[in-house]
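Chains as they are written, first to last, in our numbering: chain A, 33 to 229; chain B, 174 to 257.
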């Protein structure tokens with residue numbers, strides 16, 4: 033469901049008066065995005081559902097406090113990210129610590145780079161391949177994972193991502209670059225191991 | 174060829190930015206001369222593309238939406254009243 037910013041502002045104002053229809057509309061508009069944000073952040077469906085429910089419970093409780101100084105979605109995303117991160121803290125980390133480095137441009141420039149062949153998009157939706165993609169995201173420490181999810185999967189701007197995570201835009205860019213580089217390396221290994229692309 | 178170390182910050186800045194935007198002139202010129210950097214940046218772009226494609230295959234399970242509206246004690250809007 034896509035609506036324009038003005039229409040959304042009207043719905044938010046109505047919701048702030050306790051209008052149940054407006055609240056339902058907001059929930060409906062953002063269910064898909066918040067669920068997928070939670071799913072990528074927590075890595076499992078049960079936690080994602082819990083995060084989804086808690087996020088909207090908080091939204092309903094606190095919507096009167098939203099002052100329209102930022103866009104509604106950055107406010108809601110911030111709630112969802114905080115709920116998701118809190119949940120992650122209660123879980124043991126599934127993977128061993130991984131080192132997240134900057135791309136080594138010197139090395140890249142001097143090695144013989146091999147191009148990837150054309151991407152076979154049909155294989156991406158296959159469960160086995162999908163699992164491997166997801167596991168790479170889960171291996172990213174959360175400070176990188178959150179930026180990758182917001183910037184690349186939800187296609188938010190660097191500025192909005194920085195606002196949601198309470199970091200500077202340049203910090204968001206550095207984290208994103210490292211996350212992308214890590215996932216690229218992971219995918220490269222997958223390509224080599226299984227010749228999947 | 175080897176990359177000019179002065180360019181490394183700019184390449185890194187580009188890698189953390191909007192990959193769909195027109196690369197800044199300096200990166201564009203560099204990529205024309207440095208095939209390895211061009212391939213590297215292309216792989217980063219493809220990685221993002223693959224993850225975005227995988228993400229777009231997903232829907233929210235119906236029971237998740239149903240449970241959510243029940244939990245919130247709200248009625249799920251019908252299609253016709255979703256944005257009214």
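Heads up, the beta-carbon is just placed ideally off N, CA and C, and yes, glycines get one too.
Drop a sphere of 10 angstroms on the beta-carbon of residue i, count the other beta-carbons inside from all chains shown, and report buried for 16 or more, exposed for fewer.
i, result
"residue 118 of chain A", "exposed"
"residue 225 of chain A", "exposed"
"residue 248 of chain B", "exposed"
"residue 50 of chain A", "exposed"
"residue 147 of chain A", "exposed"
"residue 57 of chain A", "buried"
"residue 122 of chain A", "exposed"
"residue 85 of chain A", "buried"
"residue 257 of chain B", "Legend: pLDDT at residue 257 of chain B = 44, less than 50; position of this residue unreliable, value from coordinates given subsequently. So residue 257 of chain B counts as exposed."
"residue 81 of chain A", "buried"
"residue 16 of chain A", "Because chain A is modelled from 33 through 229, residue 16 of chain A falls outside the range shown and cannot be assessed."
"residue 243 of chain B", "exposed"
"residue 177 of chain A", "buried"
"residue 209 of chain B", "buried"
"residue 184 of chain B", "buried"
Any Cβ of chain B within less than 8 Å of the Cβ of residue i?
i, result
"residue 69 of chain A", "no"
"residue 64 of chain A", "yes"
"residue 148 of chain A", "yes"
"residue 92 of chain A", "yes"
"residue 57 of chain A", "yes"
"residue 103 of chain A", "no"
"residue 167 of chain A", "no"
"residue 163 of chain A", "no"
"residue 216 of chain A", "yes"
"residue 172 of chain A", "no"
"residue 73 of chain A", "no"
"residue 119 of chain A", "no"
"residue 212 of chain A", "yes"
So residue i packs on residue j, CB below 8 Å; how close in whole Å?
i, j, result
"residue 213 of chain A", "residue 135 of chain A", "5 Å"
"residue 196 of chain A", "residue 113 of chain A", "6 Å"
"residue 211 of chain B", "residue 204 of chain B", "4 Å"
"residue 172 of chain A", "residue 180 of chain A", "7 Å"
"residue 245 of chain B", "residue 69 of chain A", "With a Cβ gap of about 18 Å, residue 245 of chain B and residue 69 of chain A do not count as contacting."
"residue 233 of chain B", "residue 87 of chain A", "About 13 Å separates the two Cβ atoms, so there is no contact after all."
"residue 104 of chain A", "residue 44 of chain A", "5 Å"
"residue 223 of chain B", "residue 219 of chain A", "7 Å"
"residue 95 of chain A", "residue 168 of chain A", "Not really, about 36 Å apart at Cβ, beyond 8 Å."
Is the Cβ of residue i closer than 8 Å to any Cβ of chain A?
i, result
"residue 197 of chain B", "no"
"residue 219 of chain B", "yes"
"residue 216 of chain B", "yes"
"residue 190 of chain B", "yes"
"residue 256 of chain B", "For residue 256 of chain B, the predicted structure reports a pLDDT of 46, less than 50, and the residue's modelled location is therefore unreliable. A value from the coordinates is still provided. So, interface residue."
If the cut is a Cβ gap below 8 Å, which residues of chain A does residue i touch?
i, result
"residue 206 of chain B", "None at all; the shortest Cβ gap to chain A is about 10 Å."
For a contact defined as C-beta to C-beta under 9 Å, what are the partners of residue i on chain B?
i, result
"residue 52 of chain A", "246, 247, 248"
"residue 37 of chain A", "Here the premise fails: no neighbours, minimum Cβ distance about 13 Å."
"residue 177 of chain A", "Per Cβ cutoff of 9 Å: no residues; residue 177 of chain A is ~12 Å from chain B at best."
"residue 190 of chain A", "189, 190, 191"
Applying a beta-carbon distance threshold of less than 9 Å, which residues of chain A neighbour residue i?
i, result
"residue 235 of chain B", "Simply none; closest approach about 11 Å."
Taking residue i as the query, report the chain A residues whose CB atoms sit under 7 Å from its CB, ordered along the chain.
i, result
"residue 202 of chain B", "None at all; the shortest Cβ gap to chain A is about 15 Å."
Along chain B, in chain order, which residues have C-beta atoms closer than 7 Å to that of residue i?
i, result
"residue 88 of chain A", "241, 245"
"residue 85 of chain A", "241, 244"
"residue 154 of chain A", "Within 7 Å Cβ-Cβ: nothing; residue 154 of chain A doesn't reach chain B, min ~10 Å."
At 8 Å on the CB atoms, spell out the chain B contacts of residue i, in chain order.
i, result
"residue 131 of chain A", "Per Cβ cutoff of 8 Å: no residues; residue 131 of chain A is ~17 Å from chain B at best."
"residue 184 of chain A", "221, 224, 225"
"residue 108 of chain A", "Residues of chain B passing the Cβ test: none, with the nearest at roughly 14 Å."
Threshold first: 3 residues or longer. Then list the beta strand (DSSP E) segments lying entirely within the stretch 185-217 of chain A, N to C.
Entirely contained in the stretch 185-217 of chain A, not one beta strand (DSSP E) run reaches 3 residues.
Closer than 9 Å, Cβ to any Cβ of chain C: which residues of the stretch 198-210 of chain A, in chain order?
Of the protein chains in the structure, A and B, none is chain C.
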